[in-house]
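**Student:** Residues 1135 to 1381 in our numbering are what the sequence shown lists, from first letter to last.
Note that the Cβ used here is the ideal one computed from N, Cα and C, for glycine as well.
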Amino acid sequence: MRKQLIAGNWKMNGSLAANQALLSAVAAGASGASCQVAVCVPAPYLAQVQGLLAGTPIALGAQDVSQHEAGAFTGEVSSGMLREFGVRYCLVGHSERRQYHGETDALVAAKAQRALAAGITPVVCVGETLAEREAGRTEEVVKRQLAAVIHANGHCISEIVVAYEPVWAIGTGKTASPEQAQQVHAVLRSQLHAATTHSDRVLILYGGSMNAANAAQLLSQPDIDGGLVGGASLKAPDFLSIVAAAR
Ligand code: PEP
């Protein structure tokens, strides 16, 4: 059985003092966790958080990576730089990057490729907007987003993590029902199955207002292999309740 992964996405939140307080509580509470745990932190805090996580089972994650290897790309962070700080996971194609930074499917696929080449697991985020869901286009949208990454990454595709994050559920307090989420996860699973003989090892996380109250039901669905958690990852008790609900 796939060991579930609960990954926190801190987004653009934190401070040196707040990170230390949050992670000392999370590390203490997650020490006996049966699932995998990670935190995806803002780039300036990678060094600090790498130090804070040393000796804990919690993995370090980043929130974005450049598609370029190095060079004149002001403001960008390369996969090699992330690697130097012990980064194990990197979000790519988060809806906030697709929406506010115009990231296309092709760019997200190139970022995933760059992460994989550096030995970093890309957490490929896919998800439909409310208008797309209401127009009955959910399946078409998530399949198109994942297809770009499959196409660019060939046989390495079994090394990625996928996060299904309906855009209408991110940061809104609205959650997909376990049935709605499972339905999309099953679609993604079969798309992966058609692309690789190792699809069973690919984790598909759910993200979108996952919290202490709804985590257990979502995480009990057969194709939900964990959670990508935004707001609730900033409060140690809430994040730890989600970790405790995972297996
Ligand atoms: C996210 O940022 O990936 C996310 C799922 O946020 P939230 O849990 O706050 O909806």
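Where in the stretch 1248-1291 do unbroken runs of the beta strand (DSSP E), each at least 3 residues long, occur, reported from the N-terminal end onward?
**Tutor:** 1255-1260
**Student:** Could you pull out every unbroken alpha helix (DSSP H) segment of at least 4 residues lying fully inside the stretch 1295-1362, listed in chain order?
**Tutor:** 1312-1329, 1349-1353
**Student:** So what's glycine 1365 in DSSP terms, helix, strand or just coil?
**Tutor:** The count along the sequence shown starts at 1 and reaches residue 1365 at position 231. DSSP places glycine 1365 in helix when its eight states are reduced to three.
**Student:** Report yes if the C-beta of serine 1149 is less than 7 Å from at least one heavy atom of ligand 3; otherwise report no.
**Tutor:** Of the ligands this structure carries, namely ligand 1, none is ligand 3.
**Student:** Assuming the contact rule is C-beta atoms closer than 8 Å, glycine 1364 and glycine 1305 should be a hit. Round their C-beta distance to whole Å, please.
**Tutor:** Within the sequence shown, numbered from 1, the residue matching residue 1364 stands at position 230. Within the sequence shown, numbered from 1, the residue matching residue 1305 stands at position 171. Indeed, because the Cβ distance is near 6 Å, the residues count as touching under 8 Å.
**Student:** Taking valine 1175 as the reference, which of Ala1152, Ser1168, Ala1167 has the closest Cα?
**Tutor:** Indexing the sequence shown from 1 puts residue 1175 at position 41. Checking every option, the nearest Cα to that of valine 1175 belongs to Ala1152.
**Student:** Below 8 Å CB to CB, which residues in the same chain sit around alanine 1204 once its five sequence neighbours on both sides are set aside?
**Tutor:** If you number the sequence shown from 1, residue 1204 lands on position 70. Ser1212, Gly1214.
**Student:** Ligand 1 and histidine 1228: does the residue's C-beta get closer than 7 Å to at least one heavy atom of that ligand?
**Tutor:** Here residue 1228 refers to the residue found at position 94 of the sequence shown. Histidine 1228 Cβ: within cutoff of ligand 1.
**Student:** Evaluate contact between the stretch 1278-1293 and the stretch 1317-1333, counting only Cβ atoms and requiring at least three cross-stretch pairs below 8 Å.
**Tutor:** Three or more Cβ pairs closer than 8 Å define a contact, and the stretch 1278-1293 meets that threshold against the stretch 1317-1333.
**Student:** Any chance the stretch 1369-1381 sits against the stretch 1152-1163, with 3 or more Cβ pairs inside 8 Å?
**Tutor:** Yes: the two stretches touch, three or more of their Cβ pairs being nearer than 8 Å.
**Student:** Can you tell me where the beta strand (DSSP E) with alanine 1141 in it begins and where it stops?
**Tutor:** One-based indexing of the sequence shown puts residue 1141 at position 7. Unbroken beta strand (DSSP E) run through alanine 1141: 1139-1143.
**Student:** Helix, strand or coil: how does DSSP classify alanine 1152 here?
**Tutor:** Mapped onto the sequence shown, residue 1152 falls at position 18. Reduced to three states, the DSSP call for alanine 1152 is helix.
**Student:** Tell me the DSSP bridge mates of leucine 1194?
**Tutor:** Locating residue 1194 in the sequence shown gives position 60, counting from the first residue. Answer by DSSP bridge pairing, in chain order: Val1173.
**Student:** Which residues in the same chain have their Cβ closer than 7 Å to the Cβ of leucine 1148, if we skip the five residues on either side of it in sequence?
**Tutor:** Working through the sequence shown from its first residue, we reach residue 1148 at position 14. The question names leucine, yet the displayed sequence has glycine at residue 1148. Same-chain partners within the cutoff: Val1175, Pro1176, Tyr1179.
**Student:** Rounded to whole angstroms, what is the Cα-Cα separation between alanine 1199 and glutamine 1351?
**Tutor:** The residue labelled residue 1199 in the question sits at position 65 within the sequence shown. The residue labelled residue 1351 in the question sits at position 217 within the sequence shown. Looking at the sequence shown, residue 1199 is not alanine but valine. Distance between the alpha carbons of valine 1199 and glutamine 1351: 32 Å.
**Student:** Would you tell me roughly how many angstroms separate the C-alpha atoms of alanine 1251 and leucine 1280, rounded to the nearest one?
**Tutor:** By 1-based counting over the sequence shown, the position of residue 1251 is 117. By 1-based counting over the sequence shown, the position of residue 1280 is 146. C-alpha separation (whole angstroms): 18 Å.
**Student:** Nearest by alpha-carbon distance to alanine 1243: which of Gly1236, Phe1207, Gly1227 is it?
**Tutor:** Stepping through the sequence shown from its first residue, residue 1243 is reached at position 109. Ranking the options by Cα distance to alanine 1243, first place goes to Gly1227.
**Student:** Using only alpha-carbon positions, find the residue among Ile1358, Leu1374, His1202, Ala1269 that is nearest to lysine 1137.
**Tutor:** The residue you call residue 1137 lines up with position 3 of the sequence shown. Closest option to lysine 1137, Cα to Cα, is Ile1358.
**Student:** Which of helix, strand or coil does DSSP assign to valine 1183?
**Tutor:** Taking the first residue of the sequence shown as 1, we reach residue 1183 at position 49. DSSP places valine 1183 in helix when its eight states are reduced to three.
**Student:** Ligand 1 and serine 1343: does the residue's C-beta get closer than 7 Å to at least one heavy atom of that ligand?
**Tutor:** Here residue 1343 refers to the residue found at position 209 of the sequence shown. Yes; taking the cut-off as 7 Å, the Cβ of serine 1343 has a heavy atom of ligand 1 nearer than that.
**Student:** Distance check for proline 1191 and serine 1229, CA to CA, integer angstroms please.
**Tutor:** On the sequence shown, residue 1229 is found 95 positions in, with the first residue counted as 1. On the sequence shown, residue 1191 is found 57 positions in, with the first residue counted as 1. Answer to the nearest angstrom: the Cα atoms are 28 Å apart.
**Student:** Tell me the rounded alpha-carbon separation between valine 1183 and serine 1311.
**Tutor:** Translated into the one-based positions of the sequence shown, residue 1183 becomes position 49. Translated into the one-based positions of the sequence shown, residue 1311 becomes position 177. Going from the Cα of valine 1183 to the Cα of serine 1311 covers about 33 Å.
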